[in-house]
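For the sequence shown, this note's numbering puts the final residue at 574, and the numbers step up evenly by one.
Structure record follows, encoded as structure tokens.
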Amino acid sequence: MLSRTASDLYWMSRYLERAENLARMLDVSYSLSLMPQDGRGDGLDELAMPLLITGTLDDYLNRHGELHAERMLNFFALDADNPASIYSCLAAARSNAHAVRGRITADMWENINASWLEMRGIAEQGLGRYGISRFCEWVKERSHLFRGATFGTIMRGEAYRFIRLGTFIERADNTLRLLDARYEMLGEEADAVSDTSARGYYQWSALLRALSSFEAFTEIYRGSPRTRKVTELLLLRPDVPRSLRACVDELNLMLGGLPGDNGRPAQRLAAELEARLRYTGIDEVLGEGLHTWLTDFILLVRQLASAIHSSYLEAA
259 MLSRTASDLY
269 WMSRYLERAE
279 NLARMLDVSY
289 SLSLMPQDGR
299 GDGLDELAMP
309 LLITGTLDDY
319 LNRHGELHAE
329 RMLNFFALDA
339 DNPASIYSCL
349 AAARSNAHAV
359 RGRITADMWE
369 NINASWLEMR
379 GIAEQGLGRY
389 GISRFCEWVK
399 ERSHLFRGAT
409 FGTIMRGEAY
419 RFIRLGTFIE
429 RADNTLRLLD
439 ARYEMLGEEA
449 DAVSDTSARG
459 YYQWSALLRA
469 LSSFEAFTEI
479 YRGSPRTRKV
489 TELLLLRPDV
499 PRSLRACVDE
509 LNLMLGGLPG
519 DNGRPAQRLA
529 AELEARLRYT
539 GIDEVLGEGL
549 HTWLTDFILL
559 VRQLASAIHS
569 SYLEAA
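What follows is the structure in structure tokens.
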């Protein structure tokens with residue numbers, strides 16, 4: 259496969275996954291911002307969380323000057339001038355899909371094109387009239403439909419593998435960043451064994467719901483969400499679809515199925531990450547310090563993305 263085609267397929271799926279992840283992040287931050295803050299602020303700290311996670315706080319402040327709920331929501335949802343907005347992600351995904359129209363199925367193209375056309379209509383209508391929660395649910399639904407069309411219609415060849423690589427690189431990075439952000443926001447409460455505060459409960463529950471893992475948590479563990487349990491679930495459980503372990507397992511599988519020798523650096527790194535997660539226990543993670551461990555692994559996922567790019571997506 260031509261590197262340009264592989265790159266378009268890879269980034270098409272990365273941008274779609276990023277749009278969904280932004281919607282999940284925005285929805286949970288908005289919901290938590292409406293809760294009583296126990297003297298901790300007026301809810302703007304929660305709405306600022308997506309800015310901190312995506313590294314766009316300075317860009318927002320330069321353009322808008324101060325934190326404002328309505329402007330922050332629009333900045334992340336519908337701002338065409340913000341490259342990290344959901345609007346921009348769907349526009350980029352549609353552009354990549356158009357470039358590889360002949361390598362994806364009709365169902366995939368129709369889904370992503372219809373999503374983009376509907377997004378333009380929502381942008382004209384405005385978020386205030388459409389509703390933020392309704393908008394976030396719509397983004398997640400369109401992402402689910404695209405993945406369903408992909409899984410159900412495309413051949414299991416190189417195109418499929420590059421699409422899956424883009425999805426799981428993006429998903430792994432998002433899971434790590436969301437977990438780190440929630441842990442840092444809880445501060446000392448996150449490590450308090452006896453912590454039963456409403457704030458801690460809702461913060462951890464919101465994180466699990468943002469990653470569609472709340473039901474999995476209640477099935478596996480007893481009691482309220484705490485640092486140890488949530489961390490183990492989201493980092494080390496291979497049977498939780500949005501866990502780091504599940505993402506790395508899939509990346510290792512997809513890279514192992516690509517032909518040729520030029521991908522060995524990426525394949526080796528993916529195998530090393532998979533082995534590290536397979537043989538790491540939660541006590542080792544917490545013993546190292548959760549923030550330190552997460553920061554290190556964010557860099558490793560970034561290195562894997564760079565290895566994939568240099569191995570497969572750069573023109574020879």
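Where a beta carbon is used, it is the ideal one built from N, C-alpha and C, also for glycine.
Rounded to whole angstroms, the Cβ separation of alanine 524 and leucine 562 is 7 Å, and the two are in contact under 8 Å. If you check the CB distance, leucine 434 and valine 559 come in under 8 Å.
The residues Val397, Lys398 and Ser401, in chain order, have a CB closer than 7 Å to that of glutamate 278 in the same chain once the five nearest residues on each side in sequence are set aside. The beta carbon of arginine 359 sits closer than 8 Å to the beta carbons of Trp367 from its chain, once the five residues preceding and following it are set aside; these are given in chain order. Taking C-beta atoms as the reference points, phenylalanine 426 and glutamate 304 fail to come closer than 8 Å.
If you look at arginine 361, you'll find it isn't in any alpha helix (DSSP H); DSSP assigns it neither H nor E.
With a beta-carbon spacing of about 10 Å, serine 271 and isoleucine 362 fall beyond the 8 Å limit used to define contacts. Rounded to whole angstroms, the separation of the alpha carbons of methionine 512 and glycine 458 is 37 Å. Going by beta carbons, alanine 430 and leucine 336 fall outside the 8 Å limit. Note on tyrosine 537: under 16 other CB atoms within 10 angstroms of its CB, so exposed under the neighbour-count rule. Distance between arginine 484 and tryptophan 462, taken at the CA atoms: about 7 Å. DSSP places serine 568 in the helix class (H, G or I) of the three-state scheme. Boundaries of the alpha helix (DSSP H) around proline 523: 522-536.
The beta carbon of valine 498 sits closer than 8 Å to those of Ser471, Ala474, Leu491, Leu492 and Ala504, all from its chain and outside the five residues before and after it, given in chain order.
Secondary structure at alanine 338: coil, using DSSP grouped into helix, strand and coil. Within the same chain, Cβ atoms closer than 6 Å to the Cβ of valine 286 are found at Ala464 and Ala468, the five residues on either side in sequence being excluded. DSSP, reduced to helix, strand and coil, places histidine 326 outside both helices and strands of the structure shown, so it counts as coil. Distance between serine 568 and aspartate 519, taken at the CA atoms: about 13 Å.
The alpha helix (DSSP H) runs of length 4 or more contained entirely in the region 473-529 are, from start to end of the chain, 485-494 and 502-514.
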